[in-house]
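Engineer:
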Amino acid sequence: KEGGKERQLVGRGKDDLRTYFFWMNRSPLGFGWMTKLLRDIEYYNERKLFEARMFLTRARDKFKPNNFFFLYASALYFTTYSLDVVTSIPSLPQWGRPKWGPIFDQISRSHETAKIGVFICGPSLLTHEVNINVKKQKKNYPRLSYTVHKETFGY
Numbered sequence: 001k002e003g004g005k006e007r008q009l010v011g012r013g014k015d016d017l018r019t020y021f022f023w024m025n026r027s028p029l030g031f032g033w034m035t036k037l038l039r040d041i042e043y044y045n046e047r048k049l050f051e052a053r054m055f056l057t058r059a060r061d062k063f064k065p066n067n068f069f070f071l072y073a074s075a076l077y078f079t080t081y082s083l084d085v086v087t088s089i090p091s092l093p094q095w096g097r098p099k100w101g102p103i104f105d106q107i108s109r110s111h112e113t114a115k116i117g118v119f120i121c122g123p124s125l126l127t128h129e130v131n132i133n134v135k136k137q138k139k140n141y142p143r144l145s146y147t148v149h150k151e152t153f154g155y
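Just so you know, the sequence shown maps onto residues 1 to 155 in full-length UniProt numbering.
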């Protein structure tokens, strides 16, 4: 109990659902609109069934003075408080696009016989990159079941 409220999780048991949430934005401010929801999820995430990874895709701009100082301050804040300065969740945004091959390899090794749902909302290039990596995982881990759900849009 905390502050008179009980913290509960749905789905306790051996078949727990795990969520890996990958969020890409061009600017740190793009993360702002959903931070309350992410903080609430993290609050109830006692069993670490939710993992958020955020990416700032304007990597070519990281050495501009404003971005450099923002990155430095963010890293310092994260080192001190184990929280991101923008979202207040325990995940520091990474610069650049996700490297889907290693990401899917890690997920596949962690869940060798699971059913894995991949939900994509983004441009068609993102959907294409993810689909290529899902096909590789299906070939390399035949006991896994990957299902892709997508909603595409253009920039």
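Virtual Cβ for every residue (Gly too), placed ideally from N, Cα, C.
Could you check how far apart the C-beta atoms of I116 and Y146 are, in whole angstroms? I think they sit under 8 Å.
Structural biologist: Rounded, the Cβ-Cβ distance is 5 Å, consistent with contact.
Engineer: Taking just the CA atoms, how far does M24 sit from W33?
Structural biologist: Computed Cα separation, rounded: 13 Å.
Engineer: Between the Cα of I41 and those of F22, L76 and I89, spot the shortest distance and give me the residue it belongs to.
Structural biologist: Of the candidates F22, L76 and I89, the one whose C-alpha sits nearest the C-alpha of I41 is I89.
Engineer: Which whole runs of the alpha helix (DSSP H) in the stretch 47-116 are 4 residues long or more, in chain order?
Structural biologist: Listed in chain order, they are 65-81 and 100-110.
Engineer: In terms of residues, what are the limits of the alpha helix (DSSP H) holding S27?
Structural biologist: No alpha helix (DSSP H) contains S27, which DSSP labels as neither H nor E.
Engineer: Select from V85, L37 and Y20 the residue whose C-alpha is nearest the C-alpha of L71.
Structural biologist: Checking every option, the nearest Cα to that of L71 belongs to V85.
Engineer: Measure the CB-CB distance between L56 and W95 and report whether it falls below 7 Å.
Structural biologist: Yes, the Cβ-Cβ distance between L56 and W95 is below 7 Å.
Engineer: Quick check: what's the CA-CA separation for G13 versus F68?
Structural biologist: Any reading at G13 needs caution, since the residue's pLDDT is 44, under 50, leaving its predicted position unreliable; the model's value is listed next. Near 44 Å, if we compare the C-alpha coordinates of F68 and G13.
Engineer: Let me check one thing: in DSSP terms, what residues is T127 bridge-paired to?
Structural biologist: T127 is not bridged to any residue.
Engineer: DSSP three-state call for Y141: helix, strand or coil?
Structural biologist: If DSSP states are grouped into helix, strand and coil, Y141 belongs with coil.
Engineer: May I ask you to report which of helix, strand or coil DSSP gives Y44?
Structural biologist: Coil at Y44, not helix or strand.
Engineer: Taking Cβ to Cβ, would you say T19 is nearer than 7 Å to F50?
Structural biologist: For T19 and F50, yes; Cβs fall inside 7 Å.
Engineer: Rounded to whole angstroms, what is the Cα-Cα separation between Y81 and S91?
Structural biologist: Taking the straight line from one Cα to the other gives about 11 Å.
Engineer: Leaving aside the five residues before and after L9 along the sequence, list all residues of the same chain whose C-beta is less than 7 Å from its C-beta, in chain order.
Structural biologist: Reliability fails at L9, whose pLDDT of 39 lies under 50, so the model's placement of it is uncertain and the value that follows must be treated cautiously. If we look at L9 and ignore the five residues flanking it on each side, its Cβ neighbours are Y44, E46 and R47.
Engineer: From L17 to A114, what distance separates their C-alpha atoms?
Structural biologist: Cα-Cα distance, rounded: 10 Å.
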